[in-house]
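Presented below is the structure to which this report refers.
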Amino acid sequence: MTALLEAVDVRKCYGTFTALDGVTLAIPAGQFVSIVGPNGAGKTTLVNVLTGLLAPSGGTVRFKGQDVSGVGPVRLAQLGMARAFQLVNVFPGLTVGETIAVAVVARLGRGARLFGSLAGDREVWDAVASVAELFGLGASLGRPARTLPQGDKKLLDVASAFALQPEVILLDEPTSGVSTADKHRVMEVLVQAAARMGVKSIIQVEHDMDIVFGYSDRIVALHQGRVLADGPPASLQANDEVMATVVGRARA
Amino acid sequence: MIARAAGIAAVIALLSAPLVATPYQLTLLLPAFAYGIALLGLNLLFGTTGLLSFGHALFVALGAYTAAWLTTRAGVLSLEVIVLAAAGVAAVVAVPVGLLCVRYVKIYFGMLTLAFGMLFYSFLYKFYALTGGDEGIRVLRPTVLGLPFAGLDKVEFLTGPFYYYVLALLAVAALVMRRIVRSPFGLSLRAIRENADKAAFVGVRVRRYRFYAFVIAAVFGGVGGALLAVPTGLADPLLAYWTHSGNLVFMLLLGGFHHFLGPIVGAIVFIFLQDTVMSLTSYWRFVFGGLLAVVVIFFPGGLLGLLPSERTA
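In order, the protein sequences belong to chains A and B. Counting with this note's numbering, you get residues 1 to 252 for the letters of the first sequence. Counting with this note's numbering, you get residues 1 to 313 for the letters of the second sequence.
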């Protein structure tokens, strides 16, 4: 099976510090992949390289067969990869509907329409409504994003990424900053929305092991810039050494 | 409803002003309208896109010198041609300047626009043969819609046909800008203002749209500048001086940059306030400095920020 997203021997150095030391990873369609590892293992750097934000110092990143090393977020969004951030990242002054509309407008290539009426663009608002519905935000379309509760802000952030109708979505700690009670609601909504919208793969960086082991098809464990383990949750859980290094606890 | 009624009342007041106001008051409204057009552009950059330019006077001066050069040196008196040429010249200059400036944001963007404004000021000052140096170039009385209005004296011309012409252009400029702000492009600009990194990740072409906004702002600045120079009859280097850019920012803060009509309200209030204060004291700059401080500290939303309404720019 050909990989949707592929990293081949990716290296990234900051001065003398090597953040990624030859990471090779192939992600086919249909997988929910979690990237785990202790602080400083290179998780964020890997995601930044995979999303074209950082150019790797060596190696290549291919998305749907195209070299996307360092192409930047806009190009990647056009190709079909979206990203949501660790910190809640919304447009505070825009409404929920407008926040999603920004992504829809970009996806439809209408951002440079200087004189078109946005309010009268049915296609945009229909798409906004259907995405908002999937994320349970249908009732708050007119609400300024900054007034949403934290869990909903997170969902809005992810919803605007989903509005691009991406094939792959990268989530940086989707449940960070969300209360324990809200965590599973956020994940359920997210996984269901991905299925409904035809997102082929989800890649997440996550610290919360309940979430990692509860939702992943595959776990990639990084340690000191290298892939320490890569496999289904059961195979990682069976490996005490990996569990101790990466998760910071031995198997119970 | 109240806002709509107030708007209609304001339009009626401006339309009937030549019948009731003194010629002096009318000649104060002319620069206010011209500034209103220039500020609609500046506010697309600041209020909508979040980029504060300290060099907008560059484009106002370009428009004024276009009017001066066309009427005095080229013998072109048609105001329609002058306005279109001013828009074109501003756009042509805004392309290279904008390409450089939009690579930066915040204070760096502001400083770079300031630098280009000062460069142009020096150019106007030193290239005497082309620009008339510190004396500037006279702006001759233009024809309006092909009509010279030879029977009217200067004040009658300015407070009659020219007044309505500028008012009409202000209305057109406001409608065009309203359309832009409410377009998909306008939404993209607001997203850039709120969070440029996030905008890029949902596919907004941040730098390109900032550049478009810069050029559009410049065009409005150029048109405003051409209209500003007709009543004064002169284009001089001070139009490009940084204090003039500062005044433009002041007008915007005074009117309220969160509000679509803030630029126009700010321009009118500024001009009348300046006239009143200058007639009372020679320390008018002192008074205005204090006023600016009061606005920024106590009324950051400007005059229209006092209205209970959502942000519309």
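Just so it is clear, CB atoms sit at the ideal spot from N, CA and C, and this is done for glycine as well.
Where residue 187 (chain B) meets chain A, residues with beta-carbon distance less than 7 angstroms: Neighbours of residue 187 (chain B) on chain A, chain order: 98, 101, 102, 105 and 118.
Margin query: Taking the alpha-carbon of residue 41 (chain B) as reference, which of B:68, B:245 and B:158 has the nearest alpha-carbon?
Written below: Relative to the Cα of residue 41 (chain B), the nearest Cα in the group B:68, B:245 and B:158 belongs to B:245.
- Indicate the three-state DSSP secondary structure (helix, strand or coil) for residue 106 (chain B) in the structure shown. Assigned with DSSP and collapsed to three states, residue 106 (chain B) falls in helix.
### Task
Flag residue 180 (chain B) as yes if its beta-carbon sits less than 8 angstroms from any beta-carbon of chain A, otherwise no.
Closer than 8 angstroms to some Cβ of chain A, the Cβ of residue 180 (chain B) qualifies, so yes.
ask   = Where does residue 216 (chain A) fall in DSSP's three states?
value = In this structure, residue 216 (chain A) counts as coil in the three-state DSSP scheme.
Close Cβ partners of residue 93 (chain B) (< 8 angstroms) along its chain, the five nearest in sequence each way excluded:
The beta carbon of residue 93 (chain B) sits closer than 8 angstroms to the beta carbons of 58, 59, 62 and 218 from its chain, once the five residues preceding and following it are set aside; these are given in chain order.
Practice problem: Determine the extent of the alpha helix (DSSP H) in which residue 262 (chain B) is found, giving its start and end residues. | Solution: It spans 262–280 - the alpha helix (DSSP H) in which residue 262 (chain B) sits, taken as one unbroken run.
Notebook entry, point to check: Are the region 48–62 of chain A and the region 9–29 of chain A touching, with three or more C-beta to C-beta distances below 8 angstroms?
Noted result: Taking a contact to require three or more Cβ pairs closer than 8 angstroms, the region 48–62 of chain A and the region 9–29 of chain A qualify as touching.
Below 8 angstroms on the Cβ atoms is my contact criterion, and I expect residue 170 (chain B) with residue 36 (chain B) to pass it. Report the Cβ-Cβ distance as a whole number of Å. 5 angstroms between Cβ atoms; contact.
*Using only alpha-carbon positions, find the residue among A:227, A:244 and A:220 that is nearest to residue 233 (chain A).*
Comparing Cα-Cα distances from residue 233 (chain A) to each of A:227, A:244 and A:220, the minimum goes to A:220.
Point to revise | Within 8 angstroms, strictly: CB atoms of residue 91 (chain A) and residue 131 (chain A) | key: One thing to note: residue 91 (chain A) has its Cβ no nearer than 8 angstroms to the Cβ of residue 131 (chain A).
- prompt: Is residue 236 (chain B) helix, strand or coil by DSSP?
  reply: Coil, per DSSP.
Exercise. Using CA coordinates, which residue listed in B:305, B:105, B:303 and B:6 is at the minimum distance from residue 53 (chain B)?
Worked result: For the set B:305, B:105, B:303 and B:6, the Cα lying nearest the Cα of residue 53 (chain B) is the one of B:105.
**Asked** Taking all protein chains shown into account, do 16 or more other C-beta atoms lie within 10 angstroms of the C-beta of residue 146 (chain A), making it buried, or fewer, making it exposed?
**Response** It is exposed - the Cβ of residue 146 (chain A) has fewer than 16 other Cβ atoms within 10 Å.
> Roughly how many whole angstroms lie between the Cα atoms of residue 68 (chain A) and residue 187 (chain A)?
Replying inline: Each residue's CA atom was taken as its position, placing residue 68 (chain A) and residue 187 (chain A) some 28 angstroms apart.
One question on the structure: do residue 253 (chain A) and residue 148 (chain A) come within less than 8 angstroms of each other, judged by their Cβ atoms?
Outside the displayed span of chain A (1 to 252) sits residue 253 (chain A), for which this structure offers no information.
Q.
Tell me whether the region 274–285 of chain B and the region 217–233 of chain B touch, counting them as touching only if at least three CB pairs, one residue from each stretch, are closer than 8 angstroms.
A. The region 274–285 of chain B makes no contact with the region 217–233 of chain B, as fewer than three CB pairs between them are under 8 angstroms.
Alpha carbon to alpha carbon, what distance is there between residue 178 (chain B) and residue 2 (chain B)?
In a straight line, the C-alpha of residue 2 (chain B) is about 19 angstroms away from that of residue 178 (chain B).
Review point. Less than 8 angstroms separating the beta-carbons of residue 79 (chain B) and residue 164 (chain B)?
Key: Cβ distance not < 8 angstroms, so residue 79 (chain B) and residue 164 (chain B) don't count as in contact.
Measuring only the C-alpha atoms, how far is residue 62 (chain A) from residue 196 (chain B)?
Rounded to whole angstroms, residue 62 (chain A) and residue 196 (chain B) show a C-alpha spacing of 26 angstroms.
| When the Cα of residue 236 (chain A) is compared with those of A:184, A:36 and A:46, which residue comes out closest? | For the residues A:184, A:36 and A:46, the minimum Cα distance to residue 236 (chain A) belongs to A:36.
Can you name the start and end residues of the alpha helix (DSSP H) that residue 88 (chain B) belongs to? Per DSSP, residue 88 (chain B) belongs to the alpha helix (DSSP H) from 79–101.
For a test of the three-state rule: what should DSSP assign to residue 16 (chain B), helix, strand or coil? In the three-state reduction of the DSSP assignment, residue 16 (chain B) falls in the helix class.
Original post:
Residues of chain B with CB under 9 angstroms from residue 174 (chain A), in chain order?
Top reply: Those do not exist, as residue 174 (chain A) stays about 15 angstroms from chain B at its closest Cβ, beyond 9 angstroms.
Exercise. Could you give the uninterrupted runs of the alpha helix (DSSP H) lying entirely in the region 74–104 of chain A, keeping only those of 4 residues or more?
Worked result: With a minimum length of 4 residues, no continuous alpha helix (DSSP H) run stays inside the region 74–104 of chain A.
Using beta carbons (cut-off 8 angstroms, strictly below), is residue 215 (chain B) in contact with chain A? Cβ-Cβ to chain A under 8 angstroms: no for residue 215 (chain B).
Residue 157 (chain B) to residue 237 (chain B), Cα distance in whole Å?
Answer to the nearest angstrom: the Cα atoms are 26 angstroms apart.
message: If we require 3 or more residues per run, which beta strand (DSSP E) segments fall completely within the region 162–189 of chain A?
response: Qualifying beta strand (DSSP E) stretches, in chain order: 168–172.
Okay, do the region 97–114 of chain A and the region 216–231 of chain A touch, 3+ Cβ pairs below 8 angstroms being the bar?
No, they do not touch.
Residue 25 (chain A) in three-state terms, based on DSSP: If DSSP states are grouped into helix, strand and coil, residue 25 (chain A) belongs with the strands.
Practice problem: Evaluate residue 217 (chain A) with the Cβ neighbour count: other Cβ atoms within 10 Å of its Cβ, from every protein chain shown; 16 or more gives buried, anything less gives exposed. | Solution: Using a 10 angstroms sphere on the CB of residue 217 (chain A), the tally of other CB atoms stays under 16, which defines it as exposed.
| said: By the three-class DSSP mapping on this structure, what secondary structure does residue 110 (chain A) have? | reply: Correct three-state label for residue 110 (chain A): coil.
Query - Buried/exposed call for residue 135 (chain B), threshold 16 Cβ in 10 Å - result: It is exposed - the Cβ of residue 135 (chain B) has fewer than 16 other Cβ atoms within 10 Å.
Verify the CB distance criterion: does residue 106 (chain B) have a CB-CB separation below 8 angstroms to chain A? No, residue 106 (chain B) does not count as interfacial toward chain A.
inquiry  = Please state whether the Cβ-Cβ distance between residue 205 (chain A) and residue 166 (chain A) is less than 8 angstroms.
reply    = Residue 205 (chain A) places its beta carbon 8 angstroms or farther from that of residue 166 (chain A).
| said: Just to confirm my understanding: we take residue 84 (chain A), look at its own chain, exclude 5 residues before and 5 after, and list those with CB closer than 6 angstroms. What are they? | reply: Excluding residues within five positions, the ones whose Cβ falls inside 6 angstroms are 157, 158, 161 and 171.
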